[in-house]
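Note that the working numbering has the sequence shown beginning at 4, numbered continuously upward.
Glycine included, C-beta positions come from ideal geometry on N, C-alpha and C.
Below is one structure, written out as structure tokens; the observations come after it.
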Amino acid sequence: MTILEKAPAKINLSLNVLSKRDDDYHDVEMIMTSIDLADRIELERLQDDRIEISLESRYVPNDERNLAYKAAKAFKTKYGITEGVHITIDKNIPVSAGLGGGSTDAAAVLRGLNKLWSKDIPLNELAELGSSIGADVAYCVYGNTAIARGFGEKIEKLSSPPPCWIILAKPDIGVSSRTIFSQINVEELFHPDTAAILEALEDKNFSKLCNHIGNSLEPITFAMHPEVQHIKEAMTHAGAAGVLMSGSGPTVYGLVEQQSKATRIYNGMRGFCEEVYLVRLIG
Ligand code: ATP
4 MTILEKAPAK
14 INLSLNVLSK
24 RDDDYHDVEM
34 IMTSIDLADR
44 IELERLQDDR
54 IEISLESRYV
64 PNDERNLAYK
74 AAKAFKTKYG
84 ITEGVHITID
94 KNIPVSAGLG
104 GGSTDAAAVL
114 RGLNKLWSKD
124 IPLNELAELG
134 SSIGADVAYC
144 VYGNTAIARG
154 FGEKIEKLSS
164 PPPCWIILAK
174 PDIGVSSRTI
184 FSQINVEELF
194 HPDTAAILEA
204 LEDKNFSKLC
214 NHIGNSLEPI
224 TFAMHPEVQH
234 IKEAMTHAGA
244 AGVLMSGSGP
254 TVYGLVEQQS
264 KATRIYNGMR
274 GFCEEVYLVR
284 LIG
């Protein structure tokens with residue numbers, strides 16, 4: 004038996020860093036939504052008690068450092084599974100991009116193993132297990148549109164944004180979340196208006212959403228990598244209605260209602276930046 008599981012990328016409609024905790028994590032409030040740029044995960048049973056990973060990527064390890072491996076290991080340990088699994092990852096999401104690529108692979112492995120080994124474990128239990136692997140894994144177990152609180156482990160589902168197009172632009176650099184979070188000075192942080200974004204989602208109000216999307220980490224990543232700020236300026240200048248850096252970057256996205264306008268901005272950004280995608284929201 005083979006299980007196929009889609010692992011969609013996410014964008015942050017908001018990322019609000021509230022405070023630093025004693026355990027060195029930060030308390031955050033993040034509104035995230037899934038987009039139709041996805042990795043594909045294939046799971047096959049192995050008789051031996053082994054976890055194997057195949058993937059073709061220069062940037063992602065195929066051993067126990069892979070978040071998909073960690074997810075399978077956590078699942079096997081928690082539910083006492085003595086069989087093994089072969090995991091094939093068809094990687095389409097750019098790595099270290101702020102799009103949650105590793106977390107969504109881990110979440111897809113948890114959902115997929117639940118089917119492969121017929122466990123019928125509820126999503127909230129998988130999400131709890133996921134949060135021990137990485138801060139965004141709990142959200143990725145559910146996908147769609149949700150707000151994550153705590154260090155990312157407390158998830159509340161939200162209504163989806165109004166339908167629109169998204170242009171993603173990623174410069175040819177990877178950004179480590181850990182490095183960006185280590186640069187935070189809590190007193191100086193910008194705080195997005197989460198309540199206004201929640202209202203915009205509830206009312207399906209596209210322009211209100213575009214006016215309030217915000218990310219506490221933008222100034223920190225911009226200071227370290229000015230090219231990310233340049234991409235934001237170019238996308239704004241090109242006419243996207245809302246423009247924001249996702250996660251700790253470096254991917255910047257623009258929200259656009261009309262397909263023709265989105266295509267024009269996509270083509271314009273391709274002359275400016277190495278990796279550009281035109282996708283839709285699926286959250
Ligand atoms: P984060 O905010 O956690 O950094 P991101 O979306 O910016 O997330 P990822 O693509 O998840 O970045 O990659 C972050 C790191 O995780 C990279 O160093 C990568 O090698 C490692 N990694 C481990 N497993 C995976 C995986 N399955 N897919 C992508 N990256 C992975």
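Span of the beta strand (DSSP E) holding residue i?
i, result
"Leu7", "5-23"
"Glu131", "Premise fails: Glu131 lies in the alpha helix (DSSP H), 126-134, not in any beta strand (DSSP E)."
"Val246", "245-248"
"Arg61", "Where Arg61 is concerned, there is no enclosing beta strand (DSSP E), given that its DSSP letter is neither H nor E."
"Arg283", "278-283"
Residue j and residue i - do their beta-carbons sit closer together than 8 Å?
i, j, result
"Ser134", "Gly101", "no"
"Val255", "Ile38", "no"
"Asn15", "Gly250", "yes"
"Ile170", "Val279", "yes"
"Asn214", "Pro195", "no"
"Leu161", "Ala172", "no"
"Glu55", "Ile90", "yes"
"Leu212", "Ile200", "yes"
"Ala41", "Lys73", "no"
"Ile92", "Leu46", "no"
"Leu284", "Leu18", "no"
Looking only at its chain, what residues have a beta carbon closer than 8 Å to the beta carbon of residue i, apart from the 5 residues adjacent to it on each side?
i, result
"Ser22", "His29, Asp30, Val189"
So residue i and residue j are supposed to be a Cβ contact under 8 Å. How far apart are they, rounded?
i, j, result
"Ile44", "Ala71", "7 Å"
"Ile158", "Ala130", "6 Å"
"Ala12", "Gly103", "6 Å"
"Ile187", "Ile216", "Actually they do not touch by this definition, with Cβ atoms about 20 Å apart."
"Arg53", "Met4", "Actually they are not in contact, since the Cβ atoms of Arg53 and Met4 sit about 17 Å apart, beyond 8 Å."
Under DSSP, the alpha helix (DSSP H) around residue i begins and ends at which residues?
i, result
"Thr266", "262-273"
"Tyr72", "70-82"
"Thr91", "Premise fails: Thr91 lies in the beta strand (DSSP E), 87-93, not in any alpha helix (DSSP H)."
What residues in its chain sit with their C-beta under 6 Å from that of residue i, if we drop five residues either side in the sequence?
i, result
"Lys118", "Ile6"
"Ala141", "Ala130, Gly133, Ser134, Glu156, Ile158"
"Ala241", "Ile268, Gly271"
"Glu277", "Asp175"
Who are the Cβ neighbours of residue i in its own chain at under 7 Å, not counting the five residues just before and after it?
i, result
"Val63", "Asn69, Lys94, Val98"
"Val231", "Pro174, Thr224, Phe225, Met248, Gly252, Pro253, Val255"
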